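Note that the working numbering has the sequence shown beginning at 24, numbered continuously upward.
Glycine included, C-beta positions come from ideal geometry on N, C-alpha and C.
In this text the structure is predicted, and so the values were computed from the model without any measurement.
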Amino acid sequence: MKKLLFISIFTLTFFMYNNTYASLLSVEKGVKIEQQTPTIVDIVASPNPFSVKTTIYFNSIKEQEVTFTIKNLLGKTVFTQKLNVSKGENNIEFFKNDLNPGMYLYSLQTTNEIISKRLVIK
């Protein structure tokens with residue numbers, strides 16, 4: 024379900040002409056903001072924190088391509104994988120391999136959204 028919000032900007036200017044106040048009203052073009060329903064929901068990594076392997080569980084409301092990314096806290100991408108997910112329950116197994124212990128951010132990106140959460144390697 025898409026929600027639409029229209030915003031219009033109004034400017035009211037007062038000026039004096041021959042000791043009389045007058046006003047000028049201008050209306051600028053409206054801005055349309057679209058709020059879309061998320062296509063990836065119920066995201067959880069378990070176990071978290073982990074030492075060898077974790078699994079990212081999530082639900083997709085449709086079949087779609089998703090990019091799974093892990094970034095360190097400096098924003099450097101340390102892992103990325105493109106996946107074709109099915110409608111319903113999905114999971115991604117992730118092994119730490121040579122990543123050092125610490126905090127990371129994992130993201131699931133679709134064509135319309137990016138969902139990021141925290142991941143801790145102990």
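Inter-segment contact for the region 127–134 and the region 77–91 is present: three or more beta-carbon pairs are separated by less than 8 Å. Shown here for Asn71: same chain residues with a beta carbon closer than 7 Å to its own, the five before and five after excluded, namely Thr77, Leu142, Val143 in chain order. Rounded to the nearest whole angstrom, the CA to CA distance from Phe73 to Phe102 is 16 Å.
In the DSSP annotation of this structure, Thr134 is not part of any beta strand (DSSP E), being labelled neither H nor E. Non-local beta-carbon contacts of Phe117 in its own chain, meaning distances under 6 Å to residues more than five positions away in sequence, involve Thr77 in chain order. Taking 9 Å as the cut-off, the beta carbon of Ser83 is found closer than this to the beta carbon of Val108.
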